[in-house]
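S.K.: Next up is a structure, given as C-alpha coordinates.
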Amino acid sequence: MNKQNVMQQENAKIKASRIIDLSIKYWSIEREKLLSRNKYGILPIYKAMMTFLILEQTEISLKNLAILIGIKDHTSIIHRRESMSNLIKEKHPLIHQYYYYKKAIMMKTIPSYDWEDYFQIINDINYASN
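Our numbering puts the first residue of the sequence shown at 168, with every later residue one more than the last.
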(Lines of atoms letter the chains of each structure in order from A and count residues from 1; the text may use other names and numbers.)
(Lines give C-alpha, C1' and ligand atoms only; values in the text may rest on other atoms or scores of the structure.)
Protein backbone atom coordinates (compact mmCIF):
# COMPACT_ATOMS: atom_id res chain seq x y z
CA MET A 1 0.00 0.00 0.00
CA ASN A 2 1.34 3.44 -0.84
CA LYS A 3 0.73 6.94 0.54
CA GLN A 4 -1.93 7.81 -2.08
CA ASN A 5 -3.96 4.67 -1.28
CA VAL A 6 -3.81 5.44 2.45
CA MET A 7 -5.01 9.01 1.88
CA GLN A 8 -7.91 7.78 -0.27
CA GLN A 9 -8.98 5.18 2.31
CA GLU A 10 -9.37 7.69 5.09
CA ASN A 11 -13.04 8.25 5.77
CA ALA A 12 -12.89 9.59 9.29
CA LYS A 13 -14.55 12.83 10.36
CA ILE A 14 -11.04 14.26 10.59
CA LYS A 15 -8.43 13.04 8.14
CA ALA A 16 -4.87 12.33 9.19
CA SER A 17 -3.64 14.05 6.06
CA ARG A 18 -5.56 17.21 7.05
CA ILE A 19 -4.01 17.17 10.52
CA ILE A 20 -0.57 16.86 8.92
CA ASP A 21 -1.26 19.82 6.62
CA LEU A 22 -2.50 21.97 9.50
CA SER A 23 0.44 20.94 11.68
CA ILE A 24 2.84 22.13 9.00
CA LYS A 25 1.11 25.50 8.99
CA TYR A 26 0.84 25.65 12.79
CA TRP A 27 4.58 25.16 13.29
CA SER A 28 5.58 27.01 10.09
CA ILE A 29 7.73 24.09 9.06
CA GLU A 30 8.44 22.50 5.70
CA ARG A 31 6.60 19.23 5.00
CA GLU A 32 9.86 17.44 4.18
CA LYS A 33 11.33 18.51 7.50
CA LEU A 34 8.34 17.45 9.60
CA LEU A 35 8.09 14.10 7.84
CA SER A 36 11.86 13.53 7.79
CA ARG A 37 13.77 11.02 9.91
CA ASN A 38 15.49 13.88 11.75
CA LYS A 39 15.60 13.14 15.50
CA TYR A 40 17.24 16.33 16.75
CA GLY A 41 16.01 19.53 18.32
CA ILE A 42 12.30 20.23 18.57
CA LEU A 43 11.29 18.03 15.61
CA PRO A 44 10.75 14.81 17.61
CA ILE A 45 8.37 16.66 19.91
CA TYR A 46 6.41 18.07 16.97
CA LYS A 47 6.26 14.62 15.38
CA ALA A 48 5.09 12.99 18.60
CA MET A 49 2.36 15.61 19.12
CA MET A 50 1.14 15.28 15.54
CA THR A 51 1.16 11.47 15.69
CA PHE A 52 -0.66 11.43 19.03
CA LEU A 53 -3.34 13.82 17.77
CA ILE A 54 -3.85 11.76 14.61
CA LEU A 55 -4.22 8.56 16.63
CA GLU A 56 -6.54 10.30 19.07
CA GLN A 57 -8.81 11.85 16.43
CA THR A 58 -8.85 9.32 13.57
CA GLU A 59 -9.32 5.64 13.09
CA ILE A 60 -6.21 5.17 10.94
CA SER A 61 -4.22 2.02 11.64
CA LEU A 62 -0.67 2.23 12.94
CA LYS A 63 0.59 0.63 9.73
CA ASN A 64 -1.26 3.10 7.49
CA LEU A 65 -0.15 6.07 9.59
CA ALA A 66 3.46 4.91 9.27
CA ILE A 67 3.03 4.81 5.49
CA LEU A 68 1.38 8.23 5.42
CA ILE A 69 4.12 9.97 7.37
CA GLY A 70 6.98 8.04 5.78
CA ILE A 71 8.14 5.92 8.69
CA LYS A 72 9.74 2.53 8.12
CA ASP A 73 7.29 0.64 10.32
CA HIS A 74 4.62 1.09 12.98
CA THR A 75 6.95 0.66 15.98
CA SER A 76 7.97 4.33 15.76
CA ILE A 77 4.28 5.24 15.89
CA ILE A 78 3.88 3.16 19.04
CA HIS A 79 6.93 4.85 20.58
CA ARG A 80 5.54 8.33 19.82
CA ARG A 81 2.15 7.41 21.28
CA GLU A 82 3.74 6.06 24.46
CA SER A 83 5.98 9.11 24.81
CA MET A 84 3.02 11.48 24.66
CA SER A 85 0.96 9.29 27.00
CA ASN A 86 3.78 9.40 29.53
CA LEU A 87 4.07 13.19 29.28
CA ILE A 88 0.32 13.47 29.93
CA LYS A 89 0.45 11.07 32.89
CA GLU A 90 3.41 12.94 34.38
CA LYS A 91 1.71 16.30 33.78
CA HIS A 92 4.92 17.46 32.14
CA PRO A 93 5.00 21.24 31.47
CA LEU A 94 5.46 20.50 27.77
CA ILE A 95 1.96 19.03 27.64
CA HIS A 96 0.50 22.55 27.74
CA GLN A 97 1.98 23.06 24.31
CA TYR A 98 0.20 19.90 23.11
CA TYR A 99 -3.18 21.14 24.34
CA TYR A 100 -2.71 24.52 22.64
CA TYR A 101 -1.64 22.74 19.46
CA LYS A 102 -4.62 20.38 19.67
CA LYS A 103 -7.05 23.25 20.19
CA ALA A 104 -5.65 25.20 17.24
CA ILE A 105 -5.69 22.20 14.92
CA MET A 106 -9.15 21.03 15.94
CA MET A 107 -10.69 24.47 15.53
CA LYS A 108 -9.38 24.60 11.95
CA THR A 109 -10.12 20.97 11.14
CA ILE A 110 -13.77 20.76 12.13
CA PRO A 111 -15.84 23.55 10.56
CA SER A 112 -18.69 23.24 13.05
CA TYR A 113 -16.51 22.85 16.10
CA ASP A 114 -18.30 21.20 18.98
CA TRP A 115 -18.13 23.59 21.93
CA GLU A 116 -18.35 20.69 24.38
CA ASP A 117 -15.06 19.46 22.92
CA TYR A 118 -13.63 22.96 23.25
CA PHE A 119 -14.51 23.13 26.93
CA GLN A 120 -13.14 19.62 27.44
CA ILE A 121 -9.83 20.78 25.96
CA ILE A 122 -9.82 23.78 28.31
CA ASN A 123 -10.54 21.44 31.24
CA ASP A 124 -7.70 19.18 30.08
CA ILE A 125 -5.34 22.17 29.99
CA ASN A 126 -6.41 23.19 33.49
CA TYR A 127 -6.05 19.61 34.74
CA ALA A 128 -2.58 19.29 33.23
CA SER A 129 -1.47 22.51 34.90
CA ASN A 130 -2.43 21.28 38.39
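No residue lacks a Cβ here, since even glycine has one placed at the ideal position from N, Cα and C.
Just so we're clear, the structure is a prediction, and the values are computed from it rather than from any experiment.
#1: Should the stretch 218-227 be regarded as contacting the stretch 237-252, the criterion being three or more beta carbon pairs within less than 8 Å?
#2: Relative to the alpha-carbon of residue 213, which residue among 193, 228, 229 has its alpha-carbon at the smallest distance?
#3: Taking 8 Å as the cut-off, decide whether the C-beta atoms of residue 209 and residue 198 are in contact.
#4: I need the straight-line Cα distance from residue 211 to residue 205, nearest angstrom please.
#5: Rounded C-beta distance between residue 202 and residue 236? I'm assuming under 8 Å.
#6: Thinking just about the alpha-carbon of each residue, which of 215, 185, 232 is nearest to the one in residue 261?
M.R.: Considering the structure as presented:
#1: yes
#2: 193
#3: no
#4: 8 Å
#5: 5 Å
#6: Of 215, 185, 232, the residue nearest in Cα terms is 215.
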